[in-house]
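Protein chains in written order, with our numbering: chain A, 1 to 410; chain B, 1 to 226. Just so you know, even glycine gets a beta-carbon here, dropped at the ideal spot from N, CA and C. This structure is a prediction, so every number in the text was calculated from the model and none was measured. Please read the structure below before turning to the comments.
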């Protein structure tokens, strides 16, 4: 009932001072929009960047076999480390730190042919795990090859979406025979189009992958230039890299501290860095929004100081009939809180509309879509609560500390 | 009911110390009807503020209903004002945006009385001062005499033993002033102590006792036949 009274008082004040209260609310609303939109756009940007980065693959570590740079056991530096596909598979099975693995022997400039369509492609021989690691998701109706395809050395191919459109136009490629380097292969899957912002040796859209066993049978168990692995557990690549170094340095007799022998591209680490980077960006954007909101809070505090001043006599009277300091404090703070709450509500609703509008309109792919996440609303509401508290407390304290005698004579 | 001993109050006005009260002794019993009379600047308002626990004395002791109140904290004083004292001001001091009923119920809010009870009590008090048909009127819809009667009803909310009125008829015409004074007499007959601060001799003479203040001291304290 006490609160009901205070709320009524607030609406009476609001009616009496429409413009002033509206401006104070507007300041809060504006700040809220700033916080929400900046965080939402930042979040969308993060998600879009991550998605684009993961276009190449997720939890992916690519290792190139290189030349030794240190002398070891009487051998000169500059010796090329060579592995064949079978060696890679053997290592993958031997090390528990490796979750998924694949060799990646590759031939580029091979012709792929269907009917009278012909296109140059690069062909790699890989494991089924490669499809998972590299986010090669098949279009509905198709599939990536599996262990049985590998074991039976089936002549099956998974083709990139660009290869598909060049060879088949709009036709359905699944089950069709294409010629790779003049040898027939059955198409079992096509790559679902994906955003890929990084690669090595070409985008996946223009590639054809086949089981590594089939590849070996066709083109020989050649030396591979690079291998692709995913750590187990997926988020920590360090133990795996260490294990691989130990394993390979023993097997191929090079100095385990020779960092030049293997060249490693660790996207797990890069992911972590990116996460940190975007966390920082979000913090910065959020801070910018929060400062705008604080400026709105100063407006509310000003209005409250004015209201307290105008109502000095009334506060004196309330004290005379027995209001304790906290009654007065609460009254002023509640009023500031209501201005902030209503302004914040308005700001949130407007932000919803804006986000909805942006989502409906085309945005550049790299920027992504703004996301209104629970975290964003939680942060916004916390900042609002903080601003409401701070903008209320100072005028409220001034009111609560009034001397009743002087206030009555005001 | 009230026992004050050697009460002093001084204010610092820049370099100058103004002594509003220079040592006042006063005993007021339950059910007494006292007028405090004096010219402006005599210290009578300051005395009333101290009696009403709105202000604290610089020196001296004040016992209200047996409790020493001169050294109490702000919130303790507020509680006494809330429960033991009812104030009536010259300028009514009603909340402009609230109805007569809500104005009368105001002190009860700070007692934590429930909403229903507050309004019931306020309605009863408004009836008692003869404003049963004006409960939902805002102060600007009431005459001066009606406003002051609302203020009397507010002072009675929560049934305090001590009613303090500071120039209660100062802004009223004679007829309305008479009505207010008549209400005071009723209250006294019910056993409440009423202290009226005034510079109006006619009002003062209707009290049972007149205390004359001049230059911060009691000049004369006379009882008169009712």
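- In the DSSP annotation of this structure, the continuous segment of the alpha helix (DSSP H) that includes residue 34(A) starts and ends at 18-53.
- Among the CB atoms of chain A, one or more fall inside 8 angstroms of the CB of residue 82(B).
- Distances from the CA of residue 384(A) to each of 127(A), 194(A), 27(A), 22(A) were compared; the closest alpha carbon is that of 27(A).
- The beta-bridge partner set that DSSP reports for residue 158(A) consists of 189(A), 209(A).
- In terms of Cβ geometry, residue 369(A) and residue 358(A) form a close pair [threshold 8 angstroms].
- Of the residues assessed, residue 212(A) falls on the buried side of the cut-off, its CB having 16 or more other CB atoms within 10 angstroms.
- With distances taken between CA atoms, residue 3(B) lies nearest to 62(B) out of 30(B), 9(B), 62(B).
- Residue environment: residue 7(A) is assigned as exposed (fewer than 16 neighbouring CB atoms within 10 Å of its CB, all protein chains considered).
- Bridge pairing for residue 12(B): 17(B) [DSSP].
- In this structure the stretch 223-230 of chain A lies against the stretch 62-79 of chain A, because at least three pairs of beta carbons, one per stretch, are closer than 8 angstroms.
- At a beta-carbon threshold of 7 angstroms, the residues of chain B lying near residue 12(A) are 97, ordered along the chain.
- Annotated three-state conformation of residue 327(A) is helix, per DSSP.
- Ranked by Cα distance from residue 80(B), the first of 90(B), 65(B), 88(B) is 65(B).
- Close to chain B, meaning a Cβ-Cβ distance shorter than 7 angstroms, are the following residues of the stretch 396-407 of chain A: 404, 405.
- Legend: CB atoms of the stretch 304-335 of chain A lying less than 9 angstroms from CB atoms of chain B belong to residues 313, 314, 316, 317, 318, 319, 320, 321, 322, 323, 324, 325, 326, 327.
- Between the alpha carbons of residue 306(A) and residue 399(A) lies a gap of roughly 11 angstroms.
- If you check the CB distance, residue 197(B) and residue 173(B) do not come in under 8 angstroms.
- The stretch 32-50 of chain A and the stretch 278-285 of chain A touch, with three or more beta-carbon pairs separated by less than 8 angstroms.
- Between residue 24(A) and residue 315(A) a beta carbon distance of about 20 angstroms is seen, past the 8 angstroms cut, so the two are scored as non-contacting.
- A contact is defined here as three or more CB-CB pairs under 8 angstroms, and the stretch 100-119 of chain A fails this definition with respect to the stretch 238-252 of chain A.
- Beta-bridge annotation (DSSP): residue 3(B) is paired with 27(B), 63(B).
- CA-to-CA, the gap between residue 199(A) and residue 68(A) works out to about 25 angstroms.
- DSSP assignment within the stretch 70-133 of chain A yields the following whole alpha helix (DSSP H) runs of 4 residues or more, N-terminal first: 85-94, 128-133.
- Residue pairing for residue 209(B): DSSP places it in a beta bridge opposite 34(B), 223(B).
- Shortest Cα-Cα distance from residue 126(B) to any of 160(B), 103(B), 112(B) involves 103(B).
- Here residue 217(B) has 22, 23, 24 as same chain residues with Cβ atoms under 7 angstroms from its own Cβ, once five neighbours each way along the sequence are excluded.
- Residues of chain A whose Cβ lies closer than 8 angstroms to the Cβ of residue 87(B) are, in chain order, 320, 321.
- Remark: C-beta atoms of residue 138(B) and residue 58(B) do not approach each other more closely than 8 angstroms.
- Taking CB atoms only, residue 106(B) has a neighbour in chain A less than 8 angstroms away.
- Within the stretch 222-289 of chain A, the complete alpha helix (DSSP H) segments of 4 residues or longer fall at 238-251, listed in chain order.
- Scanning the stretch 94-147 of chain B for uninterrupted alpha helix (DSSP H) segments of 4 residues or longer gives 100-109, 115-128, listed from N- to C-terminal end.
- If you draw a straight line from the Cα of residue 351(A) to the Cα of residue 42(A), it comes to about 14 angstroms.
- In this structure, the alpha-carbon of residue 89(A) lies about 12 angstroms from that of residue 221(A).
- Taking C-beta separations shorter than 8 angstroms and ignoring five residues to either side along the sequence, the partners of residue 301(A) in its chain run 336, 390, 391, 392, 394, 395, following chain order.
- Bounds of any beta strand (DSSP E) do not take in residue 169(B), whose DSSP letter is neither H nor E.
- Cβ-Cβ distances below 6 angstroms link residue 43(B) to 20, 21, 213, 216 in the same chain, with the five nearest sequence neighbours on each side left out; the list follows chain order.
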